[in-house]
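These notes are about the structure you will find just below.
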Amino acid sequence: MPVRVGIPRFLGYFSYYPWWKTFFEELGLEVVTSPPTNQQILNAGVAEAVNDACIPIKLYHGHVMEIKDQVDILFVPRLVKVRKFGTETFCPKFLGLPDLLQASINNLPEMLDTRVDLTRGCFELFRISRELGERFGASLSKITRAYLHACQALQGYRGLMSRGMFADDALECMEKGYKASQQKEQGSLSIAVLGYPYLVYDNFINMDIVKRLKTLGARALTVEMVSPRQLLREAKNMPKQMFWHYSNRAMHAAYYYLNRKRVDGIIHVTAFACGPDAMLDRLMEIESRRLGRMPFLTLSIDEETGTGGVETRLEAFIDMLKRRRVLE
Amino acid sequence: MKITYPHMGYSYIAFKMLINDLGYEPVVPPEPSKRTIDLGARYAPEFACIPYKVLLGTYLETIEMGAEMAISSGGVGPCRAGYYGVMHQKILNELGYDFKVFILEPPQSNYLDFIKKLKVLKPSVMSWRTFIQLIKKGYSKLEAIDEMEFLMYRFMPYEISKGDTARAFKIALDMLDQAQTEDEIEDARWECRKVMAKVPQDRSRDPLKIGIIGEIYVVLEPAVNFYIQKTLGEMGVYTDRSIWLTSYAQKNVVVEGKVGERDIHEMAHPYLNEMIGGHGINSIGEIVIYAKGGYDGVIQLAPFSCIPEIMAKGIVPRVSREEGIPVMTIFIDEQTAAAGVLTRLEAFLDLLQRRREQKTVKERLA
Chain A
9 MPVRVGIPRF LGYFSYYPWW KTFFEELGLE VVTSPPTNQQ ILNAGVAEAV
59 NDACIPIKLY HGHVMEIKDQ VDILFVPRLV KVRKFGTETF CPKFLGLPDL
109 LQASINNLPE MLDTRVDLTR GCFELFRISR ELGERFGASL SKITRAYLHA
159 CQALQGYRGL MSRGMFADDA LECMEKGYKA SQQKEQGSLS IAVLGYPYLV
209 YDNFINMDIV KRLKTLGARA LTVEMVSPRQ LLREAKNMPK QMFWHYSNRA
259 MHAAYYYLNR KRVDGIIHVT AFACGPDAML DRLMEIESRR LGRMPFLTLS
309 IDEETGTGGV ETRLEAFIDM LKRRRVLE
Chain B
9 MKITYPHMGY SYIAFKMLIN DLGYEPVVPP EPSKRTIDLG ARYAPEFACI
59 PYKVLLGTYL ETIEMGAEMA ISSGGVGPCR AGYYGVMHQK ILNELGYDFK
109 VFILEPPQSN YLDFIKKLKV LKPSVMSWRT FIQLIKKGYS KLEAIDEMEF
159 LMYRFMPYEI SKGDTARAFK IALDMLDQAQ TEDEIEDARW ECRKVMAKVP
209 QDRSRDPLKI GIIGEIYVVL EPAVNFYIQK TLGEMGVYTD RSIWLTSYAQ
259 KNVVVEGKVG ERDIHEMAHP YLNEMIGGHG INSIGEIVIY AKGGYDGVIQ
309 LAPFSCIPEI MAKGIVPRVS REEGIPVMTI FIDEQTAAAG VLTRLEAFLD
359 LLQRRREQKT VKERLA
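Sequence order for the protein chains is A and B. Start counting the first sequence at 9; every next residue gets the next number (the numbering used here). Start counting the second sequence at 9; every next residue gets the next number (the numbering used here).
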């Protein structure tokens, strides 16, 4: 029986899952992911995690609880840095995540807390892969092949996303081998839905915001739909870069959409008690006002949020945008 | 130009002198009060931490007093404190104030930038030598202030009549405030030590020993942490706190990770294996150090929504269990009230007292 590797379907999942999955499967391991977020996962997470933590961290605990008994080894990479960009790292909660899990959950299976700091050298990712592969006793040629395929998969995934697909659809596409169908949705309004991938793409916790927007006749654009190079070009707008990878990306995307006037409004999806977002949210609000008085909505998500409240706020926001358009 | 700076414990005395020496007019920030926090909380993002709100409130108050510029410190993350400057500037601009927030980044992140910024602060007629001497002088004053505060908390649990040490500390602070030259500061420091040592003490007592750890601002600013060390001292508890402005400056700003800091990180390693910004890893390591040093308990002070301290808090139960030392975490925000904190302190002290009694009984039986 192959070794079963557990991957919680949250946090880094939405950015790097194709890489992880391809790599582990090429090494001959069985990949087990937790089911999409549901109420039970949320409850388990709220019960297990430290009470002051933000929702994403609580949810991650819930996902771990869900699969910890079905796997031999749990993959919780310690994401530190993925690009050389100022002093940018991931949020401190990502940095200490494996330690936090160890402290708060009992009876954890063995944990694979690979430290990912890609700024240490050009071949750092390969070095990490080799370390991972050797842990499972794979030969160098096998590891190299798995590594190349994994990188290819991730590139494909990112390509699909940059062509306007959401994480779910893109993953399904890759799973079933569909060709990307260029779906140009004709919404009358386009709205930038900015925020961290694990909030924007997790349809349970964000109350299906994308679908809701679609029924209201609006098209959602996300951070991942802008190419990394274009995002980096927007960095010059900030007097000082933020310290958090996802926050920088979201802010750069905001500048991208603001400067090009490509959207009718911006929705910032944020988690209740998210530390970096306290800064990011206000900065986005100030810049939206400064650069062309762009309508701006903050959608704060917590464990108690009801769908009714979100729906009302979205409807009001869209109505406002439509009236604005008529007046113009 | 009228320059202000954040209020942090008793350090305002040294900064006042330094700014005055440089030929600017210092605007001494008022001690953070209810009004400061209210002002800050009104304009700050909801989930910003309390230091951010207090600083914003302080700037708004000093603007009323005529300040035109504030000098504060930056940072390289991932703690949010490093981004305070940018956000304060943006928010104050939005409110329509012509106020500059001048941020000194830590030198090792960018030496050239650091020197350029110092050049702005240095009056053009002053030589670099005098400039550096003035900064050194300010630093020695800061050290003297730290030393007196340290002595106050050392002596408090032993004082025979309550309030003596606090009074002596006030006299000492005044003396240090008067001292202007390098020699005067040195003399005043000796005098202050004498004043503090004169407080009548009863050394036969065996007070509870508590270590205070946590995020630097709420640990250093008594007005924000409800004078926790003074309160505990008056209750007859011996407290030791892990962070001081001067030792802090030595460890973190000038030579990162050379003095003591590395030991703390090593201590934290079994529990937390990564720098998570702020004082997160220090908090974990210091609990271990206090446990090994025979302390009865530890109190962790943290601003509500502080990312590194929340991480630390999540790991604390494990450290506490494995090292055998009780830890209480107090999160502070604009809603925290003194009475609630006091109740929790009293309960914690009761617990520690009982624990100690049980321990002595067990030892006697064994």
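Ideal placement from N, C-alpha and C gives every residue a C-beta, glycine not left out.
### Query
Where does the unbroken beta strand (DSSP E) through ASP125/A begin, and where does it stop?
123 to 125
### Task
Spell out the partners DSSP gives VAL13/A in its beta bridges.
VAL39/A, ILE81/A
### Task
Quick one: grab the DSSP three-state call for LEU133/A.
helix
### Query
How big is the Cα-Cα spacing for MET336/B and LEU360/B?
11 Å
### Query
Mind pulling the chain B residues with CB within less than 8 Å of CYS99/A?
PRO86, ILE315
### Task
Pull up the distance between the alpha-carbon of ASP358/B and that of MET319/B, whole angstroms please.
27 Å
### Query
Taking Cβ-Cβ distances shorter than 8 Å, what residues in chain A pair up with LEU280/B?
GLY104, ASP107
### Message
Using a Cβ-Cβ cutoff of less than 7 Å, which residues in the same chain neighbour TRP28/A once the five nearest sequence positions on both sides are dropped?
### Response
Cβ neighbours of TRP28/A within its own chain (closer than 7 Å, five residues either side excluded): ILE15, PHE83.
### Task
For the alpha helix (DSSP H) containing ILE58/B, list its first residue and its last residue.
58 to 72
### 7 Å Cβ shell around GLY203/A - same chain, five flanking residues per side excluded
ALA258, HIS276, VAL277, THR278
### Task
Kindly indicate which residue of VAL35/B, ASP29/B, GLY31/B, GLU69/B has the alpha-carbon position closest to the one of ASP46/B.
GLU69/B
### Task
Measure the beta-carbon distance from ASN44/A to ARG17/A and round it to whole angstroms, keeping in mind my assumption that it falls under 8 Å.
At residue 44/A the sequence reads Pro, which differs from the Asn that was named. Contact holds; Cβ gap of about 6 Å.
### Message
The alpha helix (DSSP H) that contains LEU202/A, what's its start and end?
### Response
The continuous stretches of alpha helix (DSSP H) do not include LEU202/A, which lies in the beta strand (DSSP E) extending over residues 197 to 202.
### Query
Should LEU184/B be listed as close to the ligand PLP, given that the test is whether its C-beta is under 6 Å from any heavy atom?
With respect to small molecules bound, the structure shown includes none, and the ligand PLP cannot be examined in it.
### Task
State yes or no: is the C-beta of ILE221/B within less than 7 Å of the C-beta of VAL245/B?
Not closer than 7 Å, so no.
### Task
For the stretch 93 to 110 of chain B, enumerate the residues whose C-beta is nearer than 9 Å to any C-beta of chain A, in chain order.
GLY93, VAL94, MET95, GLN97, LYS98, ILE99, ASN101, GLU102
### Message
Would you say ILE318/B lies against chain A (beta-carbon separation less than 7 Å)?
### Response
yes
### Message
I want to verify the contact list: residues of chain A whose CB lies under 7 Å from the CB of PRO215/B, in sequence order.
### Response
Per Cβ cutoff of 7 Å: no residues; PRO215/B is ~31 Å from chain A at best.
### Task
Please compile the residues from chain A whose C-beta is within a distance smaller than 8 Å of the C-beta of ILE340/B.
None at all; the shortest Cβ gap to chain A is about 12 Å.
### Task
Using the Cα positions of LEU129/B and ARG268/A, report the straight-line distance between them to the nearest angstrom.
39 Å
### Query
Enumerated in chain order, which unbroken segments of the beta strand (DSSP E) with a length of 3 residues or greater are wholly contained in the stretch 200 to 265 of chain B?
216 to 222, 245 to 249
### Task
Could you name the residues that DSSP lists as bridge partners for ARG86/A?
ARG123/A
### Query
Counting along the chain, where does the beta strand (DSSP E) carrying GLY273/A start and finish?
273 to 279
### Query
Based on Cα-Cα distance, which residue from TYR25/A, LYS330/A, LEU299/A lies nearest to CYS159/A?
TYR25/A
### Message
Residues of the stretch 40 to 59 of chain B in Cβ contact with chain A at a cutoff of 9 Å, in chain order, please.
### Response
ALA52, PRO53, GLU54, PHE55, ALA56, CYS57
### Query
Got a sec: which bits of the stretch 46 to 58 of chain A sit with their beta carbon under 8 Å from any beta carbon on chain B, in order along the chain?
ALA57, VAL58
#### Entry: Residue-chain proximity (THR315/A, chain B), Cβ-Cβ < 7 Å
no
#### Entry: With 16 other Cβ atoms within 10 Å as the buried cut-off, status of GLU336/A
exposed
### Query
Where does ILE11/B fall in DSSP's three states?
strand
### Message
Does the CB of LYS321/B have a neighbour CB from chain A at under 7 Å?
### Response
yes
### Query
Along chain B, in chain order, which residues have C-beta atoms closer than 9 Å to that of SER112/A?
GLY322, ILE323, PRO325, ARG326
### Task
Please confirm whether GLU223/B and ALA310/B have their CB atoms less than 7 Å apart.
yes
### Task
Measure from the C-beta of GLY285/B to each C-beta in chain A and report whether the shortest distance is under 7 Å.
Taking a beta-carbon distance threshold of 7 Å, GLY285/B counts as an interface residue toward chain A.
### Query
Anyone know if the C-beta pair for ILE251/B and VAL227/B falls short of 7 Å?
yes
### Sufficient close CB pairs (3 or more, under 8 Å) joining the stretch 225 to 236 of chain A to the stretch 74 to 88 of chain A
no
### Query
Between GLY85/B and GLY167/A, what straight-line distance do the alpha-carbon atoms span, to the nearest angstrom?
31 Å
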